[in-house]
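Enquirer:
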Amino acid sequence: MDEEQAPPAPAPPPRTPQAFVPLDGRPADSIAVAQQLYEQVYAQVNANLVDAFGEEIQHLRDHSAALESAFNDLNADYAKEFAAQSRAEEFATAIGNAVQFKTFSTMWSSNIMHSLSFDPAWDTWITGFRTMFCSRDSSRHG
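Using our numbering, you'd call the opening residue of the sequence shown number 28 and step up by one each time.
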């Protein structure tokens with residue numbers, strides 16, 4: 028399973044103003060005054076916004092962190108459950124294969140060791156085996 032990731036946390040608010048871009052053709056002294064004024068206005072507006080919405084922003088950050096933590100916990104639980112289910116399926120398949128192999132080898136060895144030939148019991152078993160497995164294939168293809 029591909030690991031899912033929590034959505035990224037919101038970016039922090041900007042702490043520096045956008046660069047002041049003066050108009051072409053203005054005198055240097057008026058550009059300097061305009062830049063100072065721009066930075067003062069930005070600082071005041073930013074301070075007002077932080078005062079007005081700072082508590083709400085912190086509240087949203089806390090909720091975002093709680094949601095991220097809950098998501099990560101749930102994702103870890105799902106990953107554990109998926110891994111446990113996968114291991115259980117592998118175990119069941121291995122047991123099934125072992126039982127089939129044991130059954131086959133027991134029948135094979137009993138026929139070979141006790142009668143030293145393919146006696147009628149073996150023929151009966153192999154005919155039954157072919158009927159169960161091979162006849163389905165031949166009916167599909169034929």
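The C-beta atom is built at its ideal place from N, Cα and C for all residues, glycine as well.
Could you name the residues of the same chain whose beta carbon sits closer than 8 angstroms to that of Val126, not counting the 5 residues immediately before and after it, in chain order?
Expert: Against the sequence shown, residue 126 aligns to sequence position 99. The answer is none, since no qualifying residue turns up.
Enquirer: If you run the structure through DSSP and keep just helix, strand and coil, what is Val126?
Expert: Translated into the one-based positions of the sequence shown, residue 126 becomes position 99. Helix.
Enquirer: Alpha carbon to alpha carbon, what distance is there between Ala119 and Ala110?
Expert: Here the question's residue 110 lines up with position 83 in the sequence shown. Here the question's residue 119 lines up with position 92 in the sequence shown. Each residue's alpha carbon lies about 14 angstroms from the other.
Enquirer: Hey, how far is the Cα of Ala121 from the Cα of Gly81?
Expert: What you label residue 121 is simply residue 94 of the sequence shown in a count that begins at 1. What you label residue 81 is simply residue 54 of the sequence shown in a count that begins at 1. When rounded, the distance between both Cα atoms is 60 angstroms.
Enquirer: Is the beta carbon of Pro49 sitting closer than 8 angstroms to the one on Ala61?
Expert: If you number the sequence shown from 1, residue 49 lands on position 22. If you number the sequence shown from 1, residue 61 lands on position 34. Yes, they are a contact pair.
Enquirer: Do you know how far the Cα of Ser91 is from the Cα of Val72?
Expert: What you label residue 72 is simply residue 45 of the sequence shown in a count that begins at 1. What you label residue 91 is simply residue 64 of the sequence shown in a count that begins at 1. For Val72 and Ser91, the distance between alpha carbons rounds to 26 angstroms.
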